[in-house]
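In the numbering used here, the protein residues as written are 6 to 344.
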């Protein structure tokens, strides 16, 4: 192997509010070797995701916090270089969770072979990966979506939201979507096929916008944002409506408690159900998800967008873009480690 060192991104300091580039550092580390039961992977693409911000806080959660001075991690796809497990061979394309570095020594049980014939390999970090499955689990298991219902999706042009919109349309729902720019709204209308889309930054009163879009109320709300979006949705839910609590991106960098929602008694008055979930607790659904998503893609019924930063050194920049709203669809980093 020509490469003698392995570059990786480490957490240099714990961010306060919106992370800064100085909270990260690019360092050279010894080239890893595949030990017993491991594979060595040359990473080609890596994902940046909103949940990573929460892992920069030193607190107990469903995933352990990142440690200062250690490499970050997250979903990545790449090519097997060497294998000490019979399930993998050099040249296989695999998905794993040791991104944020050029090369990864991955335990075989923590890697999955992916099929480039189903979708481009980077789609296994988005539509065919964790974001797509998050949409699938949220709608079918958590929200118990039914055909003919009216659903509101916030952050609807993002990696999760865009798939939520399209699955809901495939199943006969009326879909209302919000996004943060006119370009994103246009994509949702043209490509994702939503019934109503609006730019939450310019629409004015969110609650009034939802009332116009769904005068009979909402059966489901797929929550990705929190704050004013949740407050507006609660006011417009039908009695016995359900809220799928997926994320609260508006609060991930907050230094003080959010001011909204202020109408929590609506949950009681309308007898609503709010249910949070973590996709990794629902991995039993993955085989059926892959079957359904593979068919929808083959039939041309699912579309997606990607925003790509090139180079491992730009991974922190890509992460910050998520919270600045400059990306469209899945935020990815394309790597080019030396062979």
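Glycine is no exception: its CB is placed at the ideal position from the N, C-alpha and C atoms. Note that the structure is predicted; figures quoted are calculated from it, not measured.
Taking only the alpha-carbon atoms, compute the straight-line gap between residue i and residue j and give it to the nearest angstrom.
i: residue 153; j: residue 198; result: 15 Å
i: residue 31; j: residue 191; result: 37 Å
i: residue 117; j: residue 267; result: 44 Å
i: residue 18; j: residue 252; result: 24 Å
i: residue 53; j: residue 79; result: 7 Å
i: residue 283; j: residue 254; result: 15 Å
i: residue 228; j: residue 208; result: 19 Å
i: residue 39; j: residue 180; result: 47 Å
i: residue 314; j: residue 332; result: 10 Å
i: residue 13; j: residue 291; result: 30 Å
i: residue 33; j: residue 273; result: 55 Å
i: residue 346; j: residue 95; result: The structure shown does not extend to residue 346, since the chain spans only 6 to 344, so no value can be given for it.
i: residue 429; j: residue 210; result: With the chain covering only 6 through 344, there is no way to say anything about residue 429.
i: residue 50; j: residue 168; result: 20 Å
i: residue 151; j: residue 77; result: 39 Å
i: residue 187; j: residue 88; result: 48 Å
Could you check whether residue j and residue i sit closer than 7 Å to each other, using their CB atoms as the reference points?
i: residue 113; j: residue 90; result: yes
i: residue 47; j: residue 86; result: yes
i: residue 320; j: residue 336; result: no
i: residue 16; j: residue 73; result: yes
i: residue 11; j: residue 142; result: no
i: residue 37; j: residue 110; result: yes
i: residue 22; j: residue 258; result: yes
i: residue 166; j: residue 158; result: yes
i: residue 137; j: residue 269; result: no
i: residue 24; j: residue 327; result: no
Identify whether residue i lies in helix, strand or coil by the three-state DSSP scheme.
i: residue 117; result: strand
i: residue 6; result: Model confidence at residue 6 stands at a pLDDT of 45, short of 50, so the residue's coordinates are unreliable; what they give is reported in the following sentence. It is coil, neither helix nor strand.
i: residue 122; result: coil
i: residue 102; result: coil
i: residue 57; result: helix
i: residue 243; result: strand
i: residue 309; result: coil
i: residue 43; result: strand
i: residue 155; result: strand
i: residue 196; result: helix
Which same chain residues end up closer than 8 Å to residue i when comparing Cβ atoms and leaving out the 5 residues on each side of it in sequence?
i: residue 246; result: 222, 223, 224, 225, 226, 275, 277, 278
i: residue 256; result: 231, 232, 263
i: residue 35; result: 10, 11
i: residue 146; result: 282, 287, 290
Only counting the same chain, and skipping five residues up and downstream in sequence, which positions put a Cβ closer than 7 Å to that of residue i?
i: residue 115; result: 101, 102
i: residue 212; result: 237, 240, 241
i: residue 342; result: 8, 47, 48, 107, 108
i: residue 68; result: 60
With a CB to CB cut of under 6 Å and the five nearest residues on each side skipped, what residues in its chain are close to residue i?
i: residue 307; result: 171, 301
i: residue 20; result: 28, 61
i: residue 201; result: 181, 218
Just to confirm, does residue i get its C-beta within under 6 Å of one of the non-hydrogen atoms of the ligand SAH?
i: residue 332; result: Among the components modelled here there is no ligand, and therefore nothing to report on the ligand SAH.
> In chain order, which continuous runs of the beta strand (DSSP E) of length 3 or greater are located wholly inside the segment 224 to 284?
Replying inline: 242 to 250, 278 to 281
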